[in-house]
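One structure is given here, and the rest of the page talks about it.
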Amino acid sequence: MGTDSSNSFEQDRTFEPPADLAANANLTAAAYAEADSDRLGFWARQAERISWAEPFTQVLDWTDPPFAKWFVGGKLNAAYNCVDRHVENGRGNKIALHFVGEPDDTRDITYAQLKDQTSQVANALIQLGVSAGDRVAIYLPMIPEAVVAMLACARIGAPHVVVFGGFSADALANRIEDCAAKVVITADGGYRRGKPSALKPAVDEAVAALGSAGPVEHVLVVRRTGEDVAFREGIDVWWHDIVDDASVVHTPTLVDSEHPLYVMYTSGTTGKPKGVLHTTGGYLVQTAYTFWGVFDHKPDDVYWCTADIGWVTGHSYLVYGPLANGATQVMYEGTPDTPHRGRWWEIIAKYGVTLFYTAPTAIRTSMKWGEHIPDGYDLSSLRILGSVGEPINPEAYRWYRDNIGGGRTPVVDTWWQTETGAHMISPLPGVTTAKPGSAMIPVPGITADVVDDAGNSVPNGGSGYLVIRDPWPSMLRTIWGDDERYRQTYWSRWDGMYFAGDGAKRDDDGAIWILGRVDDVMNVSGHRLSTSEIESALVSHPKVAEAAVVGADDATTGQAVIAFVILRDDAGDGGAETAAELRNHVGKEIGPIAKPKTVLLVPELPKTRSGKIMRRLLRDLAENREVGDASTLADAHVMNNIARGMEIARGRQAGLPSSGYTPGCRRERRSGASHAGIVVSPARSAAPPTRPCRAECQNAVTPPSMATAVAVVHFDSSDNKYTTA
Numbered sequence: 000m001g002t003d004s005s006n007s008f009e010q011d012r013t014f015e016p017p018a019d020l021a022a023n024a025n026l027t028a029a030a031y032a033e034a035d036s037d038r039l040g041f042w043a044r045q046a047e048r049i050s051w052a053e054p055f056t057q058v059l060d061w062t063d064p065p066f067a068k069w070f071v072g073g074k075l076n077a078a079y080n081c082v083d084r085h086v087e088n089g090r091g092n093k094i095a096l097h098f099v100g101e102p103d104d105t106r107d108i109t110y111a112q113l114k115d116q117t118s119q120v121a122n123a124l125i126q127l128g129v130s131a132g133d134r135v136a137i138y139l140p141m142i143p144e145a146v147v148a149m150l151a152c153a154r155i156g157a158p159h160v161v162v163f164g165g166f167s168a169d170a171l172a173n174r175i176e177d178c179a180a181k182v183v184i185t186a187d188g189g190y191r192r193g194k195p196s197a198l199k200p201a202v203d204e205a206v207a208a209l210g211s212a213g214p215v216e217h218v219l220v221v222r223r224t225g226e227d228v229a230f231r232e233g234i235d236v237w238w239h240d241i242v243d244d245a246s247v248v249h250t251p252t253l254v255d256s257e258h259p260l261y262v263m264y265t266s267g268t269t270g271k272p273k274g275v276l277h278t279t280g281g282y283l284v285q286t287a288y289t290f291w292g293v294f295d296h297k298p299d300d301v302y303w304c305t306a307d308i309g310w311v312t313g314h315s316y317l318v319y320g321p322l323a324n325g326a327t328q329v330m331y332e333g334t335p336d337t338p339h340r341g342r343w344w345e346i347i348a349k350y351g352v353t354l355f356y357t358a359p360t361a362i363r364t365s366m367k368w369g370e371h372i373p374d375g376y377d378l379s380s381l382r383i384l385g386s387v388g389e390p391i392n393p394e395a396y397r398w399y400r401d402n403i404g405g406g407r408t409p410v411v412d413t414w415w416q417t418e419t420g421a422h423m424i425s426p427l428p429g430v431t432t433a434k435p436g437s438a439m440i441p442v443p444g445i446t447a448d449v450v451d452d453a454g455n456s457v458p459n460g461g462s463g464y465l466v467i468r469d470p471w472p473s474m475l476r477t478i479w480g481d482d483e484r485y486r487q488t489y490w491s492r493w494d495g496m497y498f499a500g501d502g503a504k505r506d507d508d509g510a511i512w513i514l515g516r517v518d519d520v521m522n523v524s525g526h527r528l529s530t531s532e533i534e535s536a537l538v539s540h541p542k543v544a545e546a547a548v549v550g551a552d553d554a555t556t557g558q559a560v561i562a563f564v565i566l567r568d569d570a571g572d573g574g575a576e577t578a579a580e581l582r583n584h585v586g587k588e589i590g591p592i593a594k595p596k597t598v599l600l601v602p603e604l605p606k607t608r609s610g611k612i613m614r615r616l617l618r619d620l621a622e623n624r625e626v627g628d629a630s631t632l633a634d635a636h637v638m639n640n641i642a643r644g645m646e647i648a649r650g651r652q653a654g655l656p657s658s659g660y661t662p663g664c665r666r667e668r669r670s671g672a673s674h675a676g677i678v679v680s681p682a683r684s685a686a687p688p689t690r691p692c693r694a695e696c697q698n699a700v701t702p703p704s705m706a707t708a709v710a711v712v713h714f715d716s717s718d719n720k721y722t723t724a
């Protein structure tokens, strides 16, 4: 495993739970002992949080691992648990959703209204020929109809397959084909940054690509933007034509606890996307329990999860977990910077949001914009903040707590996955003394561990691989249509243990620190270095807004550290001094072995539309491989720009110009001093006229629409100096 280079520059910073929260917390320290003494009994008690039409007779059947059956024999309906029972219990007039549209249209939807709308869509789907077990694809923007559609599917026992609205027609077609969706629910479009963004054309293209033998029989279309769309008689059906006249009376279909609730596709490093299958009973129990416990949800809370409904966070902590608890929540269609950069904080102030759940990338973006923006809004209603999607670096954690939480709110840094279905490792806001950057310990009922290559638990202070030792209720049941891939992907490395694919370490107190995907743990000259640790060190520098670090093969050290850095708006253009400053800062915070070999100063990082940095693509570039599947990128131009810089760096290091992007071409577009690392920034002046850059180079220097101005500096460790192009 090598020598663990574990920095402690943030681990001595801790935050105690607020006294008033600790005194009234939903989950207390006693829950850990309760779960440890009788794990299955603990989960049986958590199952009492939901309504069972027929009680289960066995908590867990694990006779055929890794295929689990939870709450065996129980029958229920997820939509009933999320909607009907609240109405029956006298809470029909409670607001379920505060919807905020990007054109600033708003809707408040009560639980009674949500029940009626869900029943109408359920009846409409039945009219379109959908029955229990049929799959329904959902390709919608962030509008209430997306929630209603999911619940309507659950109401009739039809597994939903939500595809993020930013995915391409090809990606959509692949998912429709793999799950054999009978109906697709979409919209003419949605709004993004104040402008209509079409959706139905992608559905039309996907359905056409599958041909007449494809599974889709009908496309149900919500009119959202009013844009003109193609309409095919006999296939396309307007939502308002069939739903508005449908009956509000519908009896939910009772399904077995193990009946499929939904399939969600998640990318693999190779091969086609994996259709992760979640079933009804166990998933609903754990999402209801963790929402109640990790967020300490109270009846008068106003909750907001910023995730898109097309991702698992939107499923578990925007739909099923909150609604199973009868929560009131905000649902926002737009982006955090439209119509201004204070939009999120404006919404929090308007609705009195008390529980806020977002991703580290959004926090770091807000850091880049500056604390003066949230300072302009009253955020005093907030009592708990959450982080999801990737490890949050300590600097972002503290900024989040201080500038959004007023220096008083706990931050629950949650670790879980599409495959796990619900929170697995997280602080408890009324119990845990939190450490910025650490997910801390497993939630009560979960047996997460950090193991070595042989599958043995590592001692405190050690690092290894994150595993789950025992089955849990919300675990994926299989990969749709491919049990063997499920077994090989998650359960084959160590007998009886689920391998999460993440590296992790335990600090001296036993707290778990997620180091990122195993591929993100580097071995440099025999030292194990975590990319997340180096990223945290970079972001702790006052000039840095965001950073992504990858390892690239290196003939001398095994792997070299390559850093991609976004500077803060007030940091200036950077330069050789800045790059040297950043390298030295990493050396000071972690150690000289962790200093990046190459620094790239870039305006953006490649991210999915859910905000995750796609380090896999950066690694492909750094190792001069063909870039893998980039279909989930929010903006493909970002990778094009970084690729140009990498080609220049590669050519410079080899002493040769690289394919079509010679150093001279880029250098002649810059003025002033050389920059450190590879500086990729939008061209700030008018494009020069088309001309060869010099006599020996026939490459035109007229930039494309996403032109970049690039200068190159590479740090050569052999003579301890930078070389520039």
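Take 0 as the starting number for the sequence shown in numbering that gives the first Met the number 0 and just add one per residue.
Glycine included, each C-beta is placed from N, C-alpha and C at the ideal position.
Counting only the Cα atoms, Pro16 lies some 6 Å from Thr431.
Ile612 carries a strand assignment under DSSP once its states are collapsed to helix, strand and coil.
Tyr356 sits close to Thr305, with the two beta carbons spaced by under 9 Å. Counting C-beta atoms within 10 angstroms of its own C-beta, Pro458 has fewer than 16 neighbours from the protein chains shown and is therefore classed as exposed.
By the neighbour-count definition (other C-beta atoms within 10 Å, threshold 16), Lys587 is an exposed residue. DSSP places Leu171 in the helix class (H, G or I) of the three-state scheme. In the structure shown, the three-state DSSP call for Phe98 is strand.
Taking C-beta atoms as the reference points, Val626 and Leu616 count as a pair closer than 9 Å. Ranked by Cα distance from Ile403, the first of Ala358, Leu378 and Val228 is Leu378. When beta bridges are read from the DSSP output, Val450 appears opposite Ser456 and Tyr464.
The three-state reading of DSSP puts Ala499 in strand, counting E and B together. In the three-state reduction of the DSSP assignment, Pro140 falls in the coil class. For Arg516, the three-state secondary structure derived from DSSP is strand.
Assignment of beta-bridge partners to Gly188 by DSSP yields Ala197.
Thr286 sits buried, since 16 or more C-beta atoms from the chains shown fall within 10 Å of its C-beta.
Residue ranges of uninterrupted alpha helix (DSSP H) with 4 or more members, entirely inside the region 533-598 and ordered along the chain, are 575-588.
Within the same chain, and ignoring the five residues on either side of Gly73 in sequence, the residues whose Cβ sits closer than 7 Å to its Cβ are Trp51, Glu53, Pro54, Phe55, Ser256 and Gly280. Contact annotation, Ala395 with Gly610: C-beta distance approximately 13 Å; criterion of less than 8 Å not satisfied. Here the C-alpha atom of Ala145 lies approximately 7 Å from the C-alpha atom of Ile137.
Around the CB of Ala593, 16 or more other CB atoms lie within 10 Å, so the residue is classed as buried.
Here Thr446 is actually not in contact with Val293; their C-beta atoms are around 17 Å apart, not less than 8 Å.
In this chain, the alpha helix (DSSP H) harbouring Gln112 covers Tyr110 to Gln126.
Residue environment analysis places Lys194 among the exposed positions, since fewer than 16 neighbouring C-beta atoms fall within 10 angstroms of its C-beta. It is roughly 14 Å from the alpha-carbon of Trp471 to the alpha-carbon of Thr62. Beta bridge pairing from DSSP links Pro441 with Ile424. Per the DSSP secondary-structure output, Glu15 pairs with nothing in a beta bridge. Of the residues assessed, Thr250 falls on the exposed side of the cut-off, its CB having fewer than 16 other CB atoms within 10 angstroms.
Under the DSSP assignment, Asp482 falls in the alpha helix (DSSP H) whose first and last residues are Asp482 to Tyr489. With respect to the 9 Å criterion, Trp398 and Ser365 are classified as neighbours on the basis of their beta carbons. Cβ atoms of Ile175 and Pro140 stay farther apart than 8 Å, at about 18 Å. In this structure, Val549 sits away from Val564, with a CB-CB distance that is not shorter than 9 Å.
Per the DSSP secondary-structure output, Leu219 pairs in a beta bridge with Ile184 and Val236. The bridge partners DSSP lists for Glu53 are Lys74. Between the region 228-245 and the region 152-162, the count of C-beta pairs closer than 8 Å stays below three; the two stretches do not touch. Ile142 sits away from Glu345, with the two beta carbons spaced by 9 Å or more. The closest CA to that of Thr353, considering only Trp368, Ile372, Lys297 and Val387, is found on Lys297.
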